[in-house]
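The next block holds one structure in the form of structure tokens; read it before the comments.
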Ligand code: JD8
């Protein structure tokens with residue numbers, strides 16, 4: 078997969094040399110290039126921002142450098158290697174929520190182009206114009222406010238890279254993961270069996286694989302009900318059997334109607 082990132086802070090992406098993402102880059106599985114938006118400015122101050130039309134606080138990213146950057150990285154002509162246009166991803170608190178399902182979707186693309194905004198964001202016409210030539214997705218990490226898109230791109234790329242063929246090896250089977258089966262994971266333990274007065278649950282040391290699987294399922298259900306009741310509600314009803322329902326019932330789920338989260 079080819080990935081281009083445009084940002085006024087290319088140094089933000091230094092960690093992409095490390096660990097499994099660094100390995101994916103070294104092996105050629107991930108062909109990543111980071112570009113400084115100021116490459117596409119022409120004034121001595123390399124200006125990328127200006128005051129907002131309509132007034133208000135802060136500054137907005139000017140369209141011209143972004144237009145040139147996207148022209149350079151997503152050329153109209155089909156490139157010699159037969160590549161199609163990239164999928165443009167623009168982190169924004171106003172975007173659609175980034176999910177594991179979207180990570181899978183993005184991992185199936187051949188070319189991603191990330192545009193990292195700063196200040197109050199990018200002039201809307203950049204996205205509107207890009208959308209006449211390529212697929213554009215404004216994407217949000219979640220309901221909190223960041224300074225810019227860089228950290229969102231690090232998160233998205235990590236989620237996507239680990240889904241690329243050959244990156245995980247056999248260590249993790251992707252379909253066993255929490256956001257695949259719709260529940261949070263049960264807690265995990267390793268040696269020693271006793272540590273600072275806290276014991277590993279006896280069942281995990283019993284060697285009874287049936288009992289262990291049932292215990293993990295119960296723990297996953299109880300945790301999910303307590304921390305992410307929205308995920309329990311979203312489960313297809315047929316995915317909960319009688320024993321699952323009994324476990325949830327012991328955990329006091331669902332809470333009585335009228336209870337308000339605080
Ligand atoms: C991109 C500029 C800051 C945006 C005023 C301060 C994502 N989940 C998320 N929260 N915040 C962002 C995000 C924030 C950004 C930019 C992403 C570019 N800002 C702004 C508008 C309002 N501030 C994000 N993904």
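Residue numbers (the numbering used here): 78 to 339. For glycine and all other residues, C-beta sits at the position ideal for the given N, C-alpha and C.
| Check | Outcome |
| --- | --- |
| 3-residue-minimum beta strand (DSSP E) runs that sit fully inside the region 135-177, ordered along the chain | 164-174 |
| N-terminal and C-terminal residue of the beta strand (DSSP E) that residue 188 is part of | 188-192 |
| Close beta carbons around residue 146, own chain, < 7 Å, minus the five adjacent residues each side | 83, 112, 114, 117 |
| Presumed contact (8 Å Cβ cut-off) between residue 230 and residue 191, rounded CB distance | 5 Å |
| Those residues which DSSP pairs with residue 276 across a bridge | 271 |
| Inter-residue spacing [alpha-carbon to alpha-carbon] between residue 181 and residue 240 | 7 Å |
| Inter-residue spacing [alpha-carbon to alpha-carbon] between residue 261 and residue 327 | 18 Å |
| Status (buried if at least 16 other CB within 10 Å, exposed otherwise) for residue 122 | exposed |
| Local conformation of residue 295 per DSSP, three classes | helix |
| heavy atom of ligand 1 below 6 Å from residue 314 C-beta | no |
| Cα-Cα separation, residue 277 to residue 298 | 19 Å |
| CB of residue 137 within 7 Å of CB of residue 200, strictly | yes |
| Residue 263, buried or exposed, once every other Cβ within 10 Å from all chains shown has been counted against 16 | buried |
| Collapsed DSSP secondary structure at residue 104 in the structure displayed | helix |
| Inter-stretch contact at 8 Å, needing at least 3 Cβ pairs: the region 98-111 / the region 210-225 | no |
| Any non-hydrogen atom of ligand 1 closer than 6 Å to residue 131 Cβ | no |
| Check: residue 197 C-beta below 6 Å from any heavy atom of ligand 1 | yes |
| Buried versus exposed, by CB contacts within 10 Å (16 or more), residue 120 | exposed |
| Three or more C-beta pairs below 8 Å linking the region 161-170 and the region 206-215 | yes |
| Span separating the alpha-carbon of residue 235 from that of residue 150 | 22 Å |
| Beta-bridge partners of residue 214, as assigned by DSSP | 166 |
| Sheet register partners of residue 300 (DSSP bridge) | According to DSSP, residue 300 bridges with nothing at all. |
| Contact test: residue 183 Cβ vs ligand 1 heavy atom, cutoff 6 Å | no |
| Extent of the continuous beta strand (DSSP E) run through residue 79 | 79-84 |
| Near ligand 1: residue 236 beta-carbon under 6 Å from a heavy atom | no |
| Pick from 268, 279, 259, 335 that is closest to residue 316, judged by C-alpha positions | 259 |
| Three-way DSSP call (helix, strand, coil) for residue 110 in this model | strand |
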